[in-house]
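Visitor: Submitted below is the structure of interest, expressed as structure tokens.
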Amino acid sequence: MAEGQPRVGLFVTCLVDLMRPSVGFAAVKLLEQAGCTVEVPQAQTCCGQPAYNSGDRADTRALAEQTIQAFKGFDYVVAPSGSCAGMIREHYPTLFEDDPQMQAAAEDLAGRTYELVSFLTDVRGMTTVDSRFEGKVTYHDSCAGLRELGVQDQPRKLLGSIPGVELTEMVEHDVCCGFGGAFCVKYPDISNKIVTAKTDNIMASGAGTLLAGDLGCLMNMAGKLQRRGAEVEVRHVAEVLADMTDQPAIGEAASGGSD
Amino acid sequence: MSSSKQQILAAVRRSLRREQPDEATRAELEQRLGAPHANLVPQRAQVSHAEQLDMMESMLKELSATVVRLDSEAQVPQAVADYLKNENLPPQVRMAPRDDLRQLPWDGQPLLEIAEGIAAAEDATSVTGAFAGIAETGTLMMASGPEAPVTLNFLPENHVVVLRASQVTGTYEEAWVRLRQEVGPGKMPRAVNMITGPSRTGDIEQTILLGAHGPRRLHVLLVDDRDTAAG
Amino acid sequence: MQSTSHAFKDNARAALANQTLQKAMKHVKSGFIDKRAKARARLPEFDALRDEARDIKNHTLANLDFYLERYEEKVTASGGEVHWTATAEDAVKAVLDICRRVDAKVVTKGKSMISEEIALNQAMEDAGLDVVETDLGEYIIQLRKEPPSHIIAPAVHLTKEQVEADFRHHHQELPSERQLSEPVQLVAEARQMLRRRFLEADVGITGANFLVAETGTSIIVTNEGNGDLTQTLPRVHIVVASLEKVVPNLEDATTILRVLARSATGQEFSSYTTLSTGPRRPEDLDGPEEYHVILLDNGRSNMLGGDFQDMLRCIRCGACMNHCPVYHAVGGHAYGWVYPGPMGSVLTPNLIGVDEAGHLPNASTFCGRCEAVCPMRIPLPKMMRHWREREFERHLSPPAVRIGLGLWAFLARRPKLYHFVTGWQARLLARFGRARGRFDALPLARGWTKHRDFPAPEGKTFQQLWAERQESQAKGKSAS
């Protein structure tokens, strides 16, 4: 382990862990390129947001305590998700208003926690990435990253440093995709209406690839694009930035797979 | 005192978890009512008076009002007659009953019929003064009174306002200061109408249209009175 | 009005299937969002003014009793009368008593959400009064016997074709061959029809955007001029306003006014901002002879000092619903009561109970756009979450959700077991989904797969792969 390198604990996020580990490895690669030492605590599961947004405060607190414990001692905690990073940064401290000791621990963790791309640019000063990617991409601003953490220019800046990438903005790129965690299964028809409008905009942009920084939103948009038969590949932005696009895009079969 | 009043105030205090505000708070609250001060005021209109006049004019035009600048009050009757003629309106106006308007040289416009008083349903055009013009948003401030009936501001389809340059301020706050000087602190005219452009609606498919219920046209005669005001 | 908030899901489904509504709702996006953004960009101090506006309301709410009493003193001193009313019924009764005493027949109304909240029109009609809404949008929905679907654009759910049909149906006295297909013709016809009603009204009723404690003034903000004709021409002006409308002084009202119109319609300032203080003065030539303020609590004092106090800062600009993807999708009527959109999702359960309105705070993606545009910086998602917590505590959330959540939380709190189960889950799903890369149907995920495919996972979890990588690196090291 190199001396003086910041020690980063990777908060994998439950969706990346289960659905798309390659995003986690892309994050590790980018963090290492940014001069960090990356570790992955095993005692992590989920940030607790599903419980939090369902009104289940007790389980939220339990999961927050578990996460706080798991990430003690790291210089930084980085998640390839604005939503999970936002949960830790913005909401953990509000969970322990009756427990000063836990609140201090939550605030301490909040102060060290970042969304991946903004961490690379804002904390590590990364301005370019070494990646080969060819084609027109469009970027969806996921809500929590955008509005809780101010992630907007950072991914566009790094994408702009890849010579083959042509960024074409969709209209309403900063409007919700309709995922909303449990919302999309509790109110499927409304969610469908919103993601239909979103995928209209994606398809109208003319981009061949849709990128975003949150796997939940990406799965929602990918699933709708595929259901509509659209020829748009969907990837987490970290995959492109880390030059790790060998994996099939989200929801696509490995080459040789049949439809 | 009504029992509902007691009941509501008691509920408010219960929620605030206190009885009356303490002495120090009370003093601070009295201060806020007795000697109000401006909060953050945008820079936009904190400019020279000449620039405020230009801003007043450009903001009004942006609002679909029309503006004519006059060098002296004496030009007002001619400007009113010209306006009516250009807009194909009958040469009749309902004028606010105030001396400064009355004293203008109306006899130079023999075809123009002038009636004074409140607006009637059939009046097409009113001519009024103003209390202030607020350059920040091109807002006219009308203070009601015997010389300024409120109906003149709303009932006719066409509203002609004689606004003197000396009445134009940069911000609303300056206008409040002037108003308090005029009517006394803590007091108000019965109605203060802040008019920002003609009547409009967007209630049908968000299409913005003028003349919903109030005046369809707002015409401002901005009179340079600065020399006479100084004298 | 009778709430249908409990049937939000059904309401929403019907709204989504209603093509005319969907066509009309497109105007919400085009009509409001860009205009607000431009107005904000034009005023560099806009966000700082929002901070001040928030602070002014917080200060006022913390001293609400003081300011209300001072407000009343000033109203009384100017010759007006304040009627304190605790409930909607009390407020309705106060209005009816005044109307009866002055022997009113025709009552004109300016647009007022509070009068919708207390169902004033119905009560007045039941009492035999001829009630006329004079805001164009309100007039249209009154003809249709519908509630407003938006707090500043009550008829935003309608197309011009629908309005034309309503006018032809209700304005039978006008020639049937008249042109009425364009908004400009519709507006002119409404102007013509309502003009007579303004002049014959005995009582005019308006709401209030602000009550000013310094001077005993009520302020209304409008664009059409109907509010001014409503309150100037009749013998009696009645203002109906809830407690939290009070602000300390004119400067405080001014600060909030600077953010109100910009947030609502994107105007720099609304056409008419009108400050009324008491009845006609002896020397005045026009104006009402009586001036009454119905000061209504209806649950506000309860919200004070609790989880929902911040909601009392709301100035009813509509920016939250203008920017809400859920509101765009289903429109205002689906929410089932007076206040739609994000502000309604917080306020409605406070006013009619969370048992009735429990869906509303759940029907949000928490995208946060409402809070981002709220001129008063009201943390709307946070307060919707407060409602969800109360529903969870009271076991009001659906059993399937509770069981699923409980099972998931049980696992998520036990990392070793969790990683074992997710490892197995990933492998299983990957095996079945590998060929196609995704599923178009999955048991237990019908809500998802009804409308979209579900991607197959890659095969192993990150934790498994990371452990393998650590192991092979350790082997590599020990081998060297």
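Chains as they are written, first to last, in the numbering used here: chain A, 1 to 259; chain B, 1001 to 1231; chain C, 2001 to 2480. Where is the CB? At the ideal position from N, CA and C, for every residue including glycine.
Residues in its own chain within less than 7 angstroms of D2310 of chain C by CB, not counting five upstream and five downstream?
Guide: The residues are I2378, P2379, M2383.
Visitor: What's the gap between the Cα of Y2418 of chain C and the Cα of P2325 of chain C?
Guide: Computed Cα separation, rounded: 34 angstroms.
Visitor: What number of angstroms, rounded off, separates the C-alpha of C143 of chain A from the C-alpha of G2080 of chain C?
Guide: Distance between the alpha carbons of C143 of chain A and G2080 of chain C: 49 angstroms.
Visitor: Check for me: the beta strand (DSSP E) holding Q1092 of chain B runs from which residue to which?
Guide: It spans 1092 to 1095 - the beta strand (DSSP E) in which Q1092 of chain B sits, taken as one unbroken run.
Visitor: Which parts of the segment 2360 to 2440 of chain C are runs of the alpha helix (DSSP H), unbroken and 4 residues or longer, counting only runs that do not cross its ends?
Guide: Qualifying alpha helix (DSSP H) stretches, in chain order: 2369 to 2373, 2380 to 2393, 2399 to 2412, 2415 to 2433.
Visitor: Could you have a look at A1229 of chain B and say whether DSSP puts it in helix, strand or coil?
Guide: Residue placement at A1229 of chain B cannot be trusted, given a pLDDT of 45 that sits under 50; the coordinates are not used to answer.
Visitor: Ignore the nearest five residues each way along the sequence and tell me which others in E1173 of chain B's own chain have a CB closer than 7 angstroms to its CB.
Guide: If we look at E1173 of chain B and ignore the five residues flanking it on each side, its Cβ neighbours are A1038, V1041.
Visitor: E1062 of chain B to V2095 of chain C, Cα distance in whole Å?
Guide: Cα to Cα, E1062 of chain B sits roughly 41 angstroms from V2095 of chain C.
Visitor: Could one say the Cβ of M1001 of chain B lies closer than 7 angstroms to chain C's Cβ atoms, at least one of them?
Guide: At M1001 of chain B the pLDDT is 48, less than 50, meaning the model places this residue with poor confidence; the figure from the coordinates comes in the next sentence. Cβ-Cβ to chain C under 7 angstroms: no for M1001 of chain B.
Visitor: Out of A:Y76, A:P50, A:L149, A:D246, which one is the CA nearest neighbour of A31 of chain A?
Guide: It should be pointed out that residue 31 of chain A corresponds to Leu in this sequence rather than to Ala. Measuring from the Cα of L31 of chain A, the nearest candidate turns out to be A:Y76.
Visitor: Closest to R2414 of chain C by CA distance: which of A:A70, A:S83, A:D98 is it?
Guide: Comparing Cα-Cα distances from R2414 of chain C to each of A:A70, A:S83, A:D98, the minimum goes to A:A70.
Visitor: Span of the beta strand (DSSP E) holding N2084 of chain C?
Guide: The residue you asked about is not Asn; residue 2084 of chain C is Trp in the sequence shown. Residues 2081 to 2085.
Visitor: Given that a residue counts as buried once 16 or more other Cβ atoms are within 10 Å of its Cβ, and exposed if not, what is K2475 of chain C?
Guide: Flag for K2475 of chain C reads exposed.
Visitor: Could you check if P1215 of chain B is buried or exposed, using at least 16 other CB atoms within 10 Å of its CB as the buried criterion?
Guide: P1215 of chain B comes out buried.
Visitor: Are the beta-carbon atoms belonging to G2110 of chain C and T2230 of chain C less than 7 angstroms from one another?
Guide: It is a contact, given that the beta carbons lie within the stated cut-off.
Visitor: Closest Cβ-Cβ distance between L2312 of chain C and chain E: below 7 angstroms?
Guide: Structure shown: chain E not included; protein chains present are A, B and C.
Visitor: Using a Cβ-Cβ cut-off of 7 angstroms, state whether V2069 of chain C counts as contacting chain A.
Guide: The question names Val, but residue 2069 of chain C is Glu in the sequence shown. By this cut-off, E2069 of chain C is not an interface position.
Visitor: Give a yes or no on whether the minimum CB-CB distance between T2020 of chain C and chain B is below 7 angstroms.
Guide: No - not a single Cβ of chain B is within 7 angstroms of the one on T2020 of chain C.
Visitor: Quick check: the segment 229 to 242 of chain A against the segment 9 to 24 of chain A, are there 3 or more CB pairs under 8 angstroms?
Guide: With the cut-off at 8 angstroms, the segment 229 to 242 of chain A and the segment 9 to 24 of chain A touch.
Visitor: Is the Cβ-Cβ distance between A2253 of chain C and V2187 of chain C less than 7 angstroms?
Guide: Cβ distance not < 7 angstroms, so A2253 of chain C and V2187 of chain C don't count as in contact.
Visitor: Suppose you measure from the CA of V1018 of chain B to the CA of F2066 of chain C; what does that come to, to the nearest Å?
Guide: It should be noted that the sequence gives Arg, not Val, for residue 1018 of chain B. Whole-angstrom Cα-Cα distance: 12 angstroms.
Visitor: Using CA coordinates, which residue listed in C:K2450, C:L2120, C:A2430 is at the minimum distance from E252 of chain A?
Guide: Nearest option by C-alpha distance: C:A2430.
Visitor: Can you tell me where the alpha helix (DSSP H) holding F2210 of chain C begins and where it ends?
Guide: Taken as a continuous stretch (DSSP letters only), F2210 of chain C belongs to no alpha helix (DSSP H), being part of the beta strand (DSSP E) at 2210 to 2212.
Visitor: Is the number of C-beta pairs between the segment 1139 to 1150 of chain B and the segment 2279 to 2292 of chain C that are closer than 8 angstroms three or more?
Guide: They touch, by the three-pair rule.
Visitor: Is there a Cβ of chain B sitting closer than 7 angstroms to that of I2151 of chain C, yes or no?
Guide: It does not; no Cβ of chain B falls within 7 angstroms.
Visitor: On the three-state DSSP scale, how would you describe T2134 of chain C?
Guide: If DSSP states are grouped into helix, strand and coil, T2134 of chain C belongs with coil.
Visitor: Residues of the segment 2346 to 2372 of chain C in Cβ contact with chain A at a cutoff of 8 angstroms, in chain order, please.
Guide: Those residues of the segment 2346 to 2372 of chain C that come within reach of chain A (Cβ to Cβ, closer than 8 angstroms) are N2362, A2363, S2364, T2365, F2366, C2367, G2368, R2369, E2371, A2372.
Visitor: Let me check one thing: in DSSP terms, what residues is S2242 of chain C bridge-paired to?
Guide: Note: S2242 of chain C sits in a beta bridge opposite C:L2296.
Visitor: Can you give me the Cβ contacts of R89 of chain A inside the same chain, cut-off strictly under 6 angstroms, excluding the 5 residues immediately before and after it?
Guide: Answer for R89 of chain A: A110, T113, listed in chain order.
Visitor: Whose Cβ in chain A lies nearer than 7 angstroms to the Cβ of V2326 of chain C?
Guide: Near V2326 of chain C (Cβ distances below 7 angstroms), the residues of chain A are I190.
Visitor: Could you check which residue in B:A1165, B:Q1103, B:Y1083, B:D1099 has the C-alpha nearest to that of G1133 of chain B?
Guide: Out of B:A1165, B:Q1103, B:Y1083, B:D1099, B:A1165 has the C-alpha closest to the C-alpha of G1133 of chain B.
Visitor: By alpha-carbon positions, which one of A:E39, A:Q33, A:Y92 ends up nearest to A58 of chain A?
Guide: Comparing Cα positions, the closest option is A:Y92.
Visitor: Look up L1209 of chain B in the DSSP assignment and say whether it is helix, strand or coil.
Guide: DSSP places L1209 of chain B in strand when its eight states are reduced to three.
Visitor: Check whether the segment 182 to 196 of chain A touches the segment 2445 to 2458 of chain C, counting contact only when three or more Cβ pairs, one atom from each stretch, lie closer than 8 angstroms.
Guide: Counting Cβ pairs under 8 angstroms, three or more are found: they touch.
Visitor: Would you report the Cα separation of P2248 of chain C and L2275 of chain C, rounded to the nearest angstrom?
Guide: Spanning the two alpha carbons is a distance of roughly 14 angstroms.
Visitor: May I ask you to list the residues that DSSP assigns as paired with G1214 of chain B?
Guide: Partner(s): none; G1214 of chain B has no beta bridge.
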